[in-house]
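Trainee: Attaching a single structure in C-alpha cells format; questions to follow.
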C-alpha cells in the first residue's frame, strides 16, 4: 500500500485515467449521433432520453477527466468518474444478461471491445483507481499549486 | 464515510455542470440532436417462446404469406412496421427496395438475401456515415436479421427512422424464412 500512497504513482494514475476519459469524450462529442446510437443499442434506457444521456455522459467524461489530469477538484472529479463507471458496468451486466452482442461504445464508434467480461474487468480496474484517487489524493500535485497563493 | 459522500455529491455537481455545458454546445452546433428523441419504435420480433406475433410465422411458406382470413384474431395479421416475404420478393424483383441485413459480417458473408447490403447491428455506429448516404429519405428500406425472434432488424429500422428515413420496414421472418422458401440468395454457403 505504501507504493500507492506515493504522490508520483497517484499522479501517474490520474494522468492515465483522465487522459483515457478525455480521449473517449472527445470522440463522443465529435460524433454525438453515433454515441447516442451506442447508448440505444444497450436497450437499457428509453429511446426518448438517449440523446440527453449521451450528451451528459460525454461532457461529464471530458470535464471530470480534465479535472483529474490538472488536479482541479480532484477527489470530486474521481467521484464523478466512479459514478459513470458504476453506471457503465451495470449497463454492461444487463446487456450480457440479455445476451445482446454489441460494441461497448467506450471510445467512440470504432475499435471498441465488445460488451463482455473483458470490458467489465477493464471498467472495474478503472473504478478501483478512481476510488483510490478519491481516498488518497491530497491535492499536492495540482495546477492550483502552480498558481500564486491567495492572501 | 462523510468525506466519501461529500466527494460523491461534488462529483454529481461536476456531472450536472458538464451536462449543462453539453446541452448548450449541442444547441449551438451545426447538426444538433433533439434533447428528447421522439420516434415510434418498430417492434415486430417474436418475444420469448411465442408472443403476440407468433401466429404470423405459423405458415410454412413464410410469415403472413396470405392475408388474414375472416374471423382470425389480430395476432395473425402482419405486425405494424413489417413486410411479408411475398411483398419483399415483389419489391426486390421490381428493384424498388433497399434491403439491409442487420446480422454480423461473417454470417452475412455465408448467405444473405440477394442484393442485400450489410449493416451489422453489433457495430452500428461505424456505419453511421454510410447510412446517412444510403438513399433519399423516402426510399423504401427493409431490414432483416436471423429470424422472427431476432430484434436487431427492429433496432436498426428504428435507428433509420431516427436518421430521417420515412419508409422503413422489417422483414421479421428474416434469413430463416427466406432460406426455407428457397428465394434468391447470395453468399459463400448458398447452394
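Chains as they are written, first to last, in this note's numbering: chain X, 1 to 151; chain B, 1 to 191. Glycine included, each C-beta is placed from N, C-alpha and C at the ideal position.
1) Report the three-state DSSP secondary structure of residue 27 of chain B (helix, strand or coil).
2) 8 Å is my cut-off, CB to CB: does residue 48 of chain X come that close to chain B?
3) Please list, in chain order, the residues of the stretch 22-38 of chain B that have any C-beta partner in chain X closer than 8 Å.
4) Go through its chain and collect everything with a Cβ distance to residue 135 of chain B's Cβ below 6 Å, but skip five positions before and after it.
5) Using only alpha-carbon positions, find the residue among B:154, B:11, B:15, B:143 that is nearest to residue 88 of chain B.
6) Using a beta-carbon distance cut-off of less than 9 Å, what residues from the stretch 59-79 of chain X approach chain B?
7) How is residue 190 of chain X classed by DSSP in three states: helix, strand or coil?
8) Consult DSSP for residue 143 of chain B and reduce its assignment to one of helix, strand or coil.
9) What residues in its chain sit with their C-beta under 6 Å from that of residue 168 of chain B, if we drop five residues either side in the sequence?
10) What is the rounded straight-line gap between the Cα of residue 15 of chain X and the Cα of residue 87 of chain X?
11) With a threshold of 8 Å between beta-carbons, can residue 18 of chain X be considered close to chain B, or not?
12) Compute the distance between the beta-carbons of residue 120 of chain X and residue 89 of chain X, then report whether it is under 8 Å.
13) Measure the C-alpha to C-alpha separation of residue 174 of chain B and residue 188 of chain B and round it to an integer number of angstroms.
14) What does residue 118 of chain B pair with, by DSSP beta-bridge criteria?
15) Can you list, in chain order, the residues of its chain whose CB lies under 6 Å from that of residue 104 of chain X, leaving out five sequence neighbours each side?
16) Classify residue 15 of chain B: buried if its beta carbon has 16 or more other beta carbons within 10 angstroms, exposed otherwise.
17) What are the residues that DSSP puts in a beta bridge with residue 186 of chain B?
18) With a threshold of 8 Å between beta carbons, is residue 93 of chain X in contact with chain B?
19) With H, G and I counted as helix, E and B as strand and the rest as coil, what does DSSP make of residue 95 of chain B?
20) Taking 8 Å as the threshold (C-beta atoms), are residue 120 of chain B and residue 104 of chain B in contact?
21) For the ligand ADP, is there a heavy atom less than 7 Å away from the beta-carbon of residue 45 of chain B?
22) Can you find the residues in the same chain that come closer than 7 Å, C-beta to C-beta, to residue 80 of chain X, ignoring five residues on each side of it along the sequence?
23) Anyone know if the C-beta pair for residue 25 of chain X and residue 62 of chain X falls short of 8 Å?
24) Just the C-alpha distance for residue 35 of chain B and residue 135 of chain X, rounded to the nearest angstrom, thanks.
25) Counting contacts by CB-CB distance shorter than 8 Å, is residue 125 of chain B in contact with chain X?
Mentor: Reading from the atomic positions:
1) helix
2) yes
3) 22, 23, 25, 26, 31, 33, 34, 35, 36, 37, 38
4) 98
5) B:143
6) 59, 60, 61, 62, 63, 64, 67, 73, 75, 76, 77, 78, 79
7) Residue 190 of chain X is absent from the structure shown; chain X starts at 1 and stops at 151.
8) strand
9) 141, 157, 160, 161
10) 22 Å
11) no
12) yes
13) 18 Å
14) B:101
15) 112, 113, 115, 119
16) buried
17) B:112
18) no
19) coil
20) yes
21) Of the ligands one can find in the structure shown there are none, so the ligand ADP has no counterpart to examine.
22) 60, 64
23) yes
24) 35 Å
25) yes
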